[in-house]
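These notes concern the structure reproduced below.
Protein chains: 2
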Amino acid sequence: MHKVEYLGEPTPEEIRELFERALSRGAVLVVFARCKVHYEGRAKSELGSGDRVIVLKPDGSFLVHQSKKREPVNWQPPGSVVRFEMRELPALVSVRRKPRETLVVEMEEVYHMVLFQAEDYEELALTGSEAEMAEVIFKKPELIEPGFRPLHREKPIKHGIVDILGVDKNGNIVVLELKRRRAELHAVRQLKSYVEALREEHPNVRGILVAPSLTSGARKLLEKEGLEFRKLEPPKRERGTGGRQRTLL
Amino acid sequence: MHKVEYLGEPTPEEIRELFERALSRGAVLVVFARCKVHYEGRAKSELGSGDRVIVLKPDGSFLVHQSKKREPVNWQPPGSVVRFEMRELPALVSVRRKPRETLVVEMEEVYHMVLFQAEDYEELALTGSEAEMAEVIFKKPELIEPGFRPLHREKPIKHGIVDILGVDKNGNIVVLELKRRRAELHAVRQLKSYVEALREEHPNVRGILVAPSLTSGARKLLEKEGLEFRKLEPPKRERGTGGRQRTLL
DNA sequence: TCATGCATCTCGGGA
DNA sequence: TCCCGAGGTGCATGA
Numbered sequence: 001m002h003k004v005e006y007l008g009e010p011t012p013e014e015i016r017e018l019f020e021r022a023l024s025r026g027a028v029l030v031v032f033a034r035c036k037v038h039y040e041g042r043a044k045s046e047l048g049s050g051d052r053v054i055v056l057k058p059d060g061s062f063l064v065h066q067s068k069k070r071e072p073v074n075w076q077p078p079g080s081v082v083r084f085e086m087r088e089l090p091a092l093v094s095v096r097r098k099p100r101e102t103l104v105v106e107m108e109e110v111y112h113m114v115l116f117q118a119e120d121y122e123e124l125a126l127t128g129s130e131a132e133m134a135e136v137i138f139k140k141p142e143l144i145e146p147g148f149r150p151l152h153r154e155k156p157i158k159h160g161i162v163d164i165l166g167v168d169k170n171g172n173i174v175v176l177e178l179k180r181r182r183a184e185l186h187a188v189r190q191l192k193s194y195v196e197a198l199r200e201e202h203p204n205v206r207g208i209l210v211a212p213s214l215t216s217g218a219r220k221l222l223e224k225e226g227l228e229f230r231k232l233e234p235p236k237r238e239r240g241t242g243g244r245q246r247t248l249l
Numbered sequence: 250m251h252k253v254e255y256l257g258e259p260t261p262e263e264i265r266e267l268f269e270r271a272l273s274r275g276a277v278l279v280v281f282a283r284c285k286v287h288y289e290g291r292a293k294s295e296l297g298s299g300d301r302v303i304v305l306k307p308d309g310s311f312l313v314h315q316s317k318k319r320e321p322v323n324w325q326p327p328g329s330v331v332r333f334e335m336r337e338l339p340a341l342v343s344v345r346r347k348p349r350e351t352l353v354v355e356m357e358e359v360y361h362m363v364l365f366q367a368e369d370y371e372e373l374a375l376t377g378s379e380a381e382m383a384e385v386i387f388k389k390p391e392l393i394e395p396g397f398r399p400l401h402r403e404k405p406i407k408h409g410i411v412d413i414l415g416v417d418k419n420g421n422i423v424v425l426e427l428k429r430r431r432a433e434l435h436a437v438r439q440l441k442s443y444v445e446a447l448r449e450e451h452p453n454v455r456g457i458l459v460a461p462s463l464t465s466g467a468r469k470l471l472e473k474e475g476l477e478f479r480k481l482e483p484p485k486r487e488r489g490t491g492g493r494q495r496t497l498l
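Order-wise, the sequence lines are chains V and P. Mapping of the first sequence onto the numbering used here: position 205 corresponds to residue 205, and the numbering continues sequentially without gaps. In the numbering used here, each number is its position in the second sequence, counted from 1, plus 249.
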């Protein structure tokens, strides 16, 4: 029982066998093939014949990669159900329910395929996120300004969710919109929307965009709307504690 | 000269050789290995030891896949430069400039690796995009309402870019914001922002959100702001003409 | 190059 | 389940 089993130039029956084995054993299957791809669901696409790398994961994820770009040319997300079908050509058919989506890969020639019984108990530990910017601000509110007091994190308001809600030394309500990277127009629209929602209930509301930098357009809209900017870089911990940290609650 | 070359349980020197061959021949290289991954750049991450599928594309794209999820756990985008390094363990090092980002995969055990000389001249033909919704509206403006005349597509205004700008039968300026799927708060904020920008120059501006449906929150903000909604599904052509269409300009 | 916005976005969290 | 917003978003487009 090795971690890897492979076949070169498999027959259709061999393809089916290795596919079924991967499925039943919860292994990853990678197929190197010339194929056509048909997709229909949220959108619809066709991809003519060419050589691609096909990855089937045990969680139902299905990727078709061309030899360029980071993104798969076609895919199916986790939870999809895949089967092997012998049509005119051997085919992999993946179906997702809700929304209904179907991916069909017709394999004209399979050059190689690999079953990989992957064992992996590790999770990514990532640092430098917006969540960590928020933590820093709660620990050192003076990074925003003297007298600032953060009160709520991810606070739902009338039309959206505010990153950080607090008060300044003069009792004004302060809305912070955080961005881990250069803030764009999009971020200013968010902040403006939150400030306007809060101003319906309170007389004095300030909005502050907190980010490492601003695009030119973002700065223009920010100034026009009387909103503010504080420069802040996302922190990079020495040792990330995992994407989702449930630190010190 | 076959399309596929593979090695099972390769030695470090064999790993290097197949890697170099893939690089020089512009082939895709897929490695099945137990590895650790270190990333630093826009953010920073660590991934402990586990079995993963590593994909190197000739355009510099670099993917590290765990056995779950559609997304690679770590990656490098096209244009990155990869090299093999013999450290304590054989390692793949990929560097991107602008922004500077480094990905290091330390391979503790390589179970299998495949060089794939992929030939592919096909591009995805996709239909059901927002761009196609716009085409439909320009061809049949009455889908919005009787007397509507679309004038501009992707029109830059003060603080953003309007999907479609036109006039109604009463001479009002009309801004359309298109969404190919259920429209969320985000879309309403965009539309509101565009309408407000145009109202600074013109007295009568209407804003219409065009989408298959609306989230509850989007509907509430839309109504509060006096904006409008027209239900429209993105069209699905019988034969998609390729992602980017430069049709009939 | 930068800025802007779409995407079959994906993914996670909360109600 | 839906809704909302982050993301090392990726990616194309236009200035």
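The C-beta atom is built at its ideal place from N, Cα and C for all residues, glycine as well.
Beta-carbon separation of L352(P) and V313(P) under 9 Å?
yes
Start-to-end residues for the beta strand (DSSP E) that takes in P156(V):
R149 to I157
Using a Cβ-Cβ cut-off of 8 Å (strictly less than) and excluding sequence neighbours within five positions of I410(P), which residues of its own chain qualify?
E403 and K404
Is M335(P) helix, strand or coil when you go by DSSP?
strand
Local conformation of H202(V) per DSSP, three classes:
coil
In the DSSP assignment, find the unbroken beta strand (DSSP E) run with V411(P) in it and report its ends.
G409 to V416
Three-way DSSP call (helix, strand, coil) for Q315(P) in this model:
coil
Take L476(P) as the anchor and find which of A432(P), E487(P) and V444(P) has the nearest alpha-carbon.
V444(P)
Environment of Y288(P) [buried if 16+ CB atoms lie within 10 Å]:
buried
Check whether the region 373-381 of chain P and the region 333-347 of chain P touch, using three or more Cβ-Cβ pairs below 8 Å as the test.
no
Between R283(P) and F387(P), what straight-line distance do the alpha-carbon atoms span, to the nearest angstrom?
54 Å
Looking at the strands, I want to know which residues DSSP matches up with G456(P).
V424(P)
I'd like to know if the region 139-149 of chain V and the region 179-196 of chain V are in contact, where contact means that at least 3 CB-CB pairs between them fall below 8 Å.
no
Of all Cβ atoms in chain V, is any one closer than 9 Å to the Cβ of H361(P)?
yes
Output, in chain order, the set of chain V residues within a Cβ distance shorter than 9 Å of A292(P).
L126, T127, G128, S129, R180, P234, K236 and G240
Check this for me: beta carbons of P259(P) and L267(P), under 9 Å apart or not?
yes
How long is the line joining the alpha carbons of F311(P) and A460(P), rounded to whole angstroms?
36 Å
With DSSP collapsed to three states, give me the class of Y6(V).
strand
In chain order, what residues of the region 138-162 of chain V put their CB closer than 7 Å to some CB of chain P?
H159 and G160
Contact set for T215(V): own chain, Cβ-Cβ below 8 Å, skip 5 residues either direction:
R182, A183, E184 and L185
Would H65(V) count as contacting chain P if we go by Cβ distances under 9 Å?
yes
Just reading off the alpha helix (DSSP H) that K388(P) is part of, what are its end residues?
E379 to K388
Run through DSSP, which three-state label would V195(V) get?
helix
Check this for me: beta carbons of F32(V) and V279(P), under 9 Å apart or not?
yes
Proximal residues to G48(V) (C-beta, below 8 Å), its chain only, five neighbours per side dropped
K36
Give a yes or no on whether the minimum CB-CB distance between A432(P) and chain V is below 9 Å.
no
Below 6 Å CB to CB, which residues in the same chain sit around P307(P) once its five sequence neighbours on both sides are set aside?
G275
9 Å Cβ cutoff met for I413(P) and L447(P):
no
Given this structure, state the Cα-to-Cα distance separating F229(V) from S193(V), to the nearest angstrom.
16 Å
Comparing alpha-carbon positions, which option in Q76(V), K3(V), S80(V) and N74(V) lies nearest E119(V)?
K3(V)
Could you tell me if N74(V) is buried or exposed, where buried requires 16 or more neighbouring beta carbons within 10 angstroms of its beta carbon?
buried
What residues in the region 257-284 of chain P bring their beta carbon closer than 9 Å to a beta carbon of chain V?
G257, E258, G275, A276, V277, V279, F281 and R283
For V81(V), count the other beta carbons within 10 Å of its own beta carbon; 16 or more makes it buried, fewer makes it exposed. Which is it?
exposed
Kindly indicate the opening and closing residues of the beta strand (DSSP E) around K250(V).
The shown model of chain V, from 1 to 249, leaves out residue 250(V), and the question about it has no answer.
Determine the contact status of L7(V) and H112(V), defining contact as a CB-CB distance below 9 Å.
yes
Are any of the Cβ atoms in chain P nearer than 9 Å to that of N172(V)?
no
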